[in-house]
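Student:
Residue numbers (the UniProt record's numbering): 1 to 579.
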């Protein structure tokens, strides 16, 4: 078994073991559902032998009425089993979703995987597949297990010779089906992978439609996506052929026992079997074993197959990232940030975005980073936050190299707030507190008041009001993210144009709040006012960098003066009055 598949089953079984009471209730109701399979053949035999053939129609009808009552109890048990089933399946679904989301985010933040449409497929379709298929498997397999056991017990007590004829045929068909499973699993996995590839390639093509059209690559893109769709169709056809073989195996196990009973009926009658016992045996086969075998092959061959393959994909997605934590993590003695000859490029053949950059950001200082669009400001912010690693050079926090620290320690010490604020569906409190889960009420109030979020909180109805991201403006989302960062315990805060959707007054209020807050503040400036408020300014200009105060850079750098002039264009001249 593939290690990822094994890990997926181990995780699933571990989740199921946390629900012993729910599983016990499911098994209890399944035992009651199996009463017709246990008693049906005996009741039919008694109705024929002791009733209708004996000339006692009333007795025969009484036995059949008893059979009807048994089926009524089984129907009530089936109805009652669904709440028990939900008490098992829903917690398993929640645990699976939590693992996949955590694994996907950890791997993405570590730079191992990018976020793409295939990841969305795992988080939506495949987690729900586990939920739905697990519910179907538990419902059907418990019925199969108890039905086969009950029907076998009924046959043994009715006539052991009939059991010897029929049960081996059932077992043989199940063994043959098991031999097909390896091929079926491989083909089902091919279907899942092909679907993910189609989702990824089509999603990329749609997202980059403008670039595709601008580069004249429409035919190339259509051809590439078309090849992936053809491969998906071929995988589906191969899976269909496997399903046909599965159905043939099911038919063998379902009808061969019945054929054997009918073929050996004369011999059974000669050795003393009654007509009622023969009909009872046929009842056990047709109403017990045959539906159970068909249900088993269909359930395992379809739902079980999908579950096995999906568990493997989700186990791979929820696996920890390949980025190894340092064996002996370093602990910083302070929060000064130092960059020494840092070089970074986005590919081995790409020009460096940053080249041998030296920079010191003292603890508690306020630095603004400016430069033209695309010059590398956000790249530098991600390097300082530890979400990117330099190709050459070193970044230290205090006396500790950033890449020698545990990832969790870096995240606690440094918080990066990007331009596109992350706000999720939940309460305002949940959105504000997930970087600091249990703040003091006064600290929460201070964060909200300082950054200017109080009017929004009051308008929505307080901290426990539900927050819908689609109902907020871009500026309101940024205020939520800013308050969240203010509330965190990070000693270094990096605002990567995190106030670009705020008006100048709101931006100034938020930045001044962070200046008053203890710790280091680094701002990727969206307006020149951010640079004027900062104690120091870093200008990125191609592969060169200038560092100083705002007034100092105005005198030293023509490029900085040009940027300031771009941010603050000269006012239009007053019209000259004609004389």
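Here a beta-carbon is modelled for each residue, glycine too, at the ideal position from N, C-alpha and C.
(1) Excluding five sequence neighbours on each side, which residues of the same chain lie with their C-beta closer than 8 Å to the C-beta of residue 116?
(2) Mapping DSSP to helix, strand and coil, what is residue 560?
(3) Mark residue 155 as exposed unless 16 or more other C-beta atoms lie within 10 angstroms of its C-beta, in which case mark it buried.
(4) Compare the beta carbon distance of residue 37 and residue 146 with 9 Å and say whether it is the shorter of the two.
(5) Helix, strand or coil: how does DSSP classify residue 90 here?
(6) From what residue to what residue does the alpha helix (DSSP H) around residue 440 run?
(7) How far does the beta strand (DSSP E) with residue 547 in it extend, from its first residue to its last?
(8) Considering only C-alpha positions, which residue in the set 360, 350, 353 is nearest to residue 339?
(9) Here's a check: name, in chain order, each residue in its chain whose Cβ is nearer than 7 Å to the Cβ of residue 134, leaving out the five neighbours to either side.
(10) Figure out for me which residue from 214, 357, 260 has the closest Cα to the Cα of residue 581.
(11) State whether the segment 277 to 286 contacts the segment 232 to 242, with contact taken as three or more CB pairs (one from each stretch) at a distance under 8 Å.
(12) Report yes if the C-beta distance between residue 521 and residue 373 is below 9 Å; otherwise report no.
(13) Which residue spans inside the segment 443 to 508 form an unbroken alpha helix (DSSP H) run of at least 4?
(14) Return helix, strand or coil for residue 358, following the three-state DSSP convention.
(15) Which residues does DSSP list as the beta-bridge partners of residue 338?
(16) By a C-beta neighbour count over all protein chains shown, 10 Å radius and 16 as the cutoff for buried, is residue 259 buried or exposed?
(17) Looking only at DSSP bridge pairs, what is residue 536 linked to?
(18) Quick one: Cα of residue 388 to Cα of residue 487, how far?
(19) As an exercise, report each continuous alpha helix (DSSP H) stretch of at least 4 residues that is fully enclosed by the segment 164 to 238, in chain order.
(20) Have a look at 422, 355, 333 and flag the residue whose alpha-carbon is nearest the alpha-carbon of residue 396.
(21) In or out: residue 574 buried (at least 16 other Cβ within 10 Å) or exposed?
(22) On the DSSP bridge list, what partners appear for residue 414?
(23) Expressed to the nearest angstrom, what Euclidean distance is found between the alpha-carbon atoms of residue 518 and residue 559?
(24) Give the DSSP-derived three-state secondary structure of residue 426 in the structure shown.
(25) Taking DSSP as the reference, what is the three-state secondary structure of residue 379?
(26) Per DSSP, what kind of secondary structure is residue 286 in: helix, strand or coil?
(27) At which residues does the beta strand (DSSP E) containing residue 152 begin and terminate?
Tutor: Once the coordinates are examined:
(1) Model confidence at residue 116 stands at a pLDDT of 49, short of 50, so the residue's coordinates are unreliable; what they give is reported in the following sentence. Excluding residues within five positions, the ones whose Cβ falls inside 8 Å are 200, 203, 204.
(2) helix
(3) Residue 155 should be labelled buried.
(4) yes
(5) helix
(6) Where residue 440 is concerned, there is no enclosing alpha helix (DSSP H), given that its DSSP letter is neither H nor E.
(7) 544 to 548
(8) 360
(9) 89, 92, 307
(10) Since the displayed the chain opens at 1 and closes at 579, residue 581 lies outside it and no answer follows.
(11) no
(12) no
(13) 454 to 460, 474 to 487
(14) strand
(15) 360, 396
(16) exposed
(17) 367
(18) Counting only the Cα atoms, residue 487 lies some 24 Å from residue 388.
(19) 209 to 214
(20) Sorting 422, 355, 333 by C-alpha distance to the C-alpha of residue 396 places 333 at the top.
(21) Residue placement at residue 574 is flagged as unreliable, the pLDDT there being 44, under the threshold of 50; the coordinate-derived value follows with that caveat. Under this definition residue 574 is an exposed residue.
(22) 492
(23) 32 Å
(24) The answer is strand: DSSP assigns residue 426 an E or B state.
(25) helix
(26) In this structure, DSSP gives residue 286 a helical state, which the three-state scheme calls helix.
(27) That residue, residue 152, is in no beta strand (DSSP E); its alpha helix (DSSP H) goes 127 to 158.
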